[in-house]
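Numbering (UniProt numbering), first residue to last: 1 to 269.
A quick write-up on the structure given underneath.
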């Protein structure tokens with residue numbers, strides 16, 4: 001359904017590209033850039049970029065933020081940097097889009113440098129910015145920086161960490177092999193951890209073969225949603241990786257007893 005909507009949106013963009021009957025405005029341009037970003041249609045996005053250049057100063061920063069996002073999602077970071085540096089009045093969305101774009105394209109250090117530059121220029125980061133920053137740290141394995149920004153969020157900007165921020169921190173610690181530290185963080189959360197928190201810890205246990213912590217994570221995850229197959233499959237795959245076929249069989253039987261159906265696309269191995 002989502003892909004069909006994106007394709008329909010993409011098809012509508014052809015109207016002002018080819019017919020020239022309707023003058024594009026900031027709303028149609030932003031919608032086009034968003035559609036092409038989600039579909040990774042770089043060539044079509046570049047054509048709309050040409051239209052944006054023709055309109056010049058009539059277009060506001062929201063359009064350029066969408067353009068920036070399109071280039072980043074298409075992996076064209078040179079173009080993304082060019083757009084970013086050309087925006088005179090960058091909003092918090094501009095900075096945040098560039099932070100996550102760099103992080104997703106392997107420019108992790110640059111991602112954190114952008115955040116630091118943002119702070120120096122007096123731009124106030126928001127809730128989403130502080131999701132992107134620990135995500136960037138997780139991509140580079142920067143544990144010390146991750147803790148620094150996690151603390152900075154509350155101390156300097158009075159943003160209370162939500163579940164999304166804790167997921168990013170657990171992912172950062174877990175990917176780096178700091179499983180105990182990740183579990184301790186979860187247990188100290190000021191609110192009840194959700195399913196995604198425990199599944200993130202479980203994925204880290206799978207990565208590093210920590211079966212005992214993985215079992216505890218699964219217990220918590222199943223308590224929250226006994227019908228979600230992802231937790232069972234992750235632990236089963238961990239058992240399989242350690243040649244613990246009895247454990248695999250036990251989990252499959254448990255799923256059968258509880259009528260838990262494996263999601264399409266997930267794998268036992």
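Beta carbons are placed, not taken as given, at the ideal position from N, Cα and C, and that holds for glycine.
- In the three-state reduction of the DSSP assignment, residue 104 falls in the helix class.
- If you look at residue 133, you'll find it in the alpha helix (DSSP H) that goes 129-140.
- With a cut-off of 8 Å on Cβ pairs, the region 152-163 is not in contact with the region 175-184, counting fewer than three such pairs.
- Of all C-beta pairs linking the region 123-138 to the region 88-97, three or more are shorter than 8 Å, placing the two stretches in contact.
- Going by C-alpha positions, residue 28 is about 24 Å away from residue 77.
- For the options 140, 52 and 134, the alpha carbon positioned closest to that of residue 149 is the one of 134.
- For the pair residue 125 and residue 157, the CB atoms are nearer than the 8 Å cut-off.
- Counting other Cβ atoms within 10 Å of its Cβ, residue 33 reaches 16 or more and is therefore classed as buried.
- Contact annotation: the region 50-69 does not touch the region 102-109, with fewer than three C-beta pairs closer than 8 Å.
- Contact check for residue 63 against residue 26 passes: the beta carbons are separated by less than 8 Å.
- Taking C-beta separations shorter than 8 Å and ignoring five residues to either side along the sequence, the partners of residue 166 in its chain run 185, 186, 189, 193 and 197, following chain order.
- Residue 122 and residue 111 have their alpha carbons spaced roughly 17 Å apart.
- The three-state secondary structure of residue 98, taken from DSSP, is helix.
- In terms of Cα proximity to residue 108, the closest of 137, 215 and 211 is 137.
- Beta-carbon to beta-carbon, residue 242 and residue 209 are separated by about 6 Å, close enough to satisfy the 8 Å threshold.
- Judged by their CB atoms, residue 258 and residue 236 are not nearer to each other than the 8 Å cut-off.
- Rounded to the nearest whole angstrom, the C-alpha separation of residue 39 and residue 214 is 36 Å.
- Here residue 151 is exposed, its C-beta having fewer than 16 other C-beta atoms within 10 Å.
- Around residue 116, the same chain offers no residue with a beta carbon nearer than 8 Å, after the five sequence neighbours per side are excluded.
- Between residue 224 and residue 203, the C-beta gap is not smaller than 8 Å, which leaves the two residues out of contact.
- Nearest to residue 92 by alpha-carbon distance, out of 55, 119, 47 and 154, is 119.
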